[in-house]
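Engineer:
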Amino acid sequence: MKPISTGTGLKDRLKQFDICLLICTSVLSVMSLLLMYSISDKEGMGLLKMQAAATFAGVCVMIFLSMVDYQEVVNKLWIPFLIAEIGLLGITFLYGVAEGDNTSWLYIGNLSIQPSEFVKGTFIVTFSKHLDMVKHRINHPLSLLGLGVHAGAIIGMILISGDLGVALVYCGIVALMLFCAGLSLFYFLGAGVAVFVAIPYAWDFLKDYQRYRIIYGFNPEGDAEGYGYQAILGRNALANGGFFGQGLKGGSYYHDLFACENDFAFSTLCEKFGMLGGVIVLVCLAIVVIRVFMIARTSRKDSGAFICIGVAAAVVVQTAENVGMCLAMLPVIGITLPFISYGGSSTLAMYLLLGMVHSVKTHRVKYNFEREHA
Numbered sequence: 010m011k012p013i014s015t016g017t018g019l020k021d022r023l024k025q026f027d028i029c030l031l032i033c034t035s036v037l038s039v040m041s042l043l044l045m046y047s048i049s050d051k052e053g054m055g056l057l058k059m060q061a062a063a064t065f066a067g068v069c070v071m072i073f074l075s076m077v078d079y080q081e082v083v084n085k086l087w088i089p090f091l092i093a094e095i096g097l098l099g100i101t102f103l104y105g106v107a108e109g110d111n112t113s114w115l116y117i118g119n120l121s122i123q124p125s126e127f128v129k130g131t132f133i134v135t136f137s138k139h140l141d142m143v144k145h146r147i148n149h150p151l152s153l154l155g156l157g158v159h160a161g162a163i164i165g166m167i168l169i170s171g172d173l174g175v176a177l178v179y180c181g182i183v184a185l186m187l188f189c190a191g192l193s194l195f196y197f198l199g200a201g202v203a204v205f206v207a208i209p210y211a212w213d214f215l216k217d218y219q220r221y222r223i224i225y226g227f228n229p230e231g232d233a234e235g236y237g238y239q240a241i242l243g244r245n246a247l248a249n250g251g252f253f254g255q256g257l258k259g260g261s262y263y264h265d266l267f268a269c270e271n272d273f274a275f276s277t278l279c280e281k282f283g284m285l286g287g288v289i290v291l292v293c294l295a296i297v298v299i300r301v302f303m304i305a306r307t308s309r310k311d312s313g314a315f316i317c318i319g320v321a322a323a324v325v326v327q328t329a330e331n332v333g334m335c336l337a338m339l340p341v342i343g344i345t346l347p348f349i350s351y352g353g354s355s356t357l358a359m360y361l362l363l364g365m366v367h368s369v370k371t372h373r374v375k376y377n378f379e380r381e382h383a
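In the numbering used here, the protein residues as written are 10 to 383.
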């Protein structure tokens with residue numbers, strides 16, 4: 010049986026967009042813009058304008074990437090992408106500007122960008138290609154060593170910059186992609202044991218503020234006036250919203266909440282829109298992840314499936330980290346909530362990732378006929 014072909018024109022590609030993904034991301038972006046407007050009394054209208062511009066640019070990038078055949082990109086550009094991402098992180102390490110406790114930002118004129126957010130997309134592409142090349146021997150030690158060097162080089166450079174939150178997202182991406190590629194559970198068990206054994210030694214290399222963040226991240230009441238203050242305030246803001254929230258111009262905790270527009274966006278959103286708004290956001294993000302996994306299952310190539318898995322992992326880990334610290338259950342390590350938190354880099358990067366997923370969807374040139382008619 011010949012493979013079933015889909016249309017290749019622009020109109021045909023647009024028709025193949027995943028409507029469910031578009032609806033969910035549209036809802037999330039609208040809520041993000043409403044959130045930026047609701048805190049304009051504290052932050053001004055600049056955040057709303059910037060977020061609207063980043064969202065518009067992100068949608069354009071997503072549509073453009075959906076028109077590009079991901080397989081051509083993976084096959085022809087994965088090595089240039091690998092060189093570029095290492096080079097960009099290297100430049101950030103040398104010339105990065107500190108914002109908070111890490112030096113993961115670059116300034117181009119008056120515009121600040123966070124390269125690690127954009128490298129996320131190229132890393133998923135290059136790691137997908139690497140996995141595709143070794144998938145039949147992935148449990149061989151040499152194959153795993155190569156994958157470890159590939160991932161370790163990128164994650165290590167991000168860790169050196171001090172951006173622990175983003176580094177954990179990359180770790181989650183790598184772990185889920187390896188798991189779905191068929192890596193033996195014994196390797197995961199061994200990695201878990203190795204991490205457990207290494208914790209006492211790694212602790213000595215952490216800076217004091219990093220240690221305190223971890224200690225009081227799980228027990229913010231232990232230093233309620235210091236390192237636990239923002240976590241407790243974020244939790245109180247979340248609870249203050251009740252079920253329906255305090256309204257666009259209501260609420261009070263967000264005024265004193267540091268980074269209420271990005272790191273603690275979920276707390277601010279819940280204070281403004283209540284538990285109902287928080288549930289809507291989490292449900293939309295859950296649907297996004299489910300749909301991305303479904304697209305992965307019908308990808309025409311394993312590299313496309315790996316790309317989708319990497320994107321889904323990024324959404325899951327970022328959401329879990331952000332919501333966890335807003336609930337004062339995880340250390341405050343600085344991570345954005347996908348599509349909701351303010352930030353041109355994070356918003357544009359998330360739409361870039363979705364563009365890759367839509368490319369996998371719209372370039373599903375052939376279907377697995379045997380699977381569909383089994």
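Just so you know, even glycine gets a beta-carbon here, dropped at the ideal spot from N, CA and C.
1) So for Tyr196, helix, strand or coil by DSSP?
2) Can you look up Val106 in the DSSP assignment and give me helix, strand or coil?
3) Rounded to whole angstroms, what's the CA-CA distance from Phe127 to Trp114? Just pull it up for me.
4) Can you tell me whether DSSP reads Leu257 as helix, strand or coil?
5) Is Gly105 buried or exposed, if buried means 16 or more other CB atoms sit within 10 Å of its CB?
6) Which whole-angstrom value describes the C-beta separation of Ala184 and Ile147, a residue pair presumed to lie in contact below a C-beta threshold of 8 Å?
7) What's the C-alpha gap between Lys51 and Gly260?
8) Is Ser193 buried or exposed, if buried means 16 or more other CB atoms sit within 10 Å of its CB?
9) Is Phe308 helix, strand or coil when you go by DSSP?
10) Would you mind reading off the limits of the alpha helix (DSSP H) that contains Ser38?
11) Under three-state DSSP, which class holds Tyr116?
12) Would you list the one or two residues that DSSP bridges to Ile122?
13) Specify the secondary structure class of Ser368 as computed by DSSP and reduced to three states.
14) Out of Tyr221, Ile241 and Ala93, state which residue places its alpha-carbon closest to the alpha-carbon of Glu230.
15) Helix, strand or coil, according to DSSP, for Gln80 in the structure here?
Structural biologist: The short version:
1) Of the three classes helix, strand and coil, the one that applies to Tyr196 here is helix, per DSSP.
2) In this structure, Val106 counts as strand in the three-state DSSP scheme.
3) So the alpha carbons of these two residues sit roughly 12 Å apart.
4) If DSSP states are grouped into helix, strand and coil, Leu257 belongs with coil.
5) With 16 or more other Cβ atoms from the protein chains shown falling within 10 Å of its own Cβ, Gly105 counts as buried.
6) With a Cβ gap of about 14 Å, Ala184 and Ile147 do not count as contacting.
7) Separation of Lys51 and Gly260 (C-alpha to C-alpha, rounded to the nearest whole angstrom) is 12 Å.
8) It counts as exposed.
9) It should be pointed out that residue 308 corresponds to Ser in this sequence rather than to Phe. It is coil, neither helix nor strand.
10) For Ser38, the enclosing alpha helix (DSSP H) begins and ends at Ile28 to Ser47.
11) In this structure, Tyr116 counts as strand in the three-state DSSP scheme.
12) In DSSP, Ile122 forms a bridge with Leu115.
13) Ser368: helix per DSSP, three-state reduction.
14) The option with the nearest alpha carbon to Glu230 is Ile241.
15) Reduced to three states, the DSSP call for Gln80 is helix.
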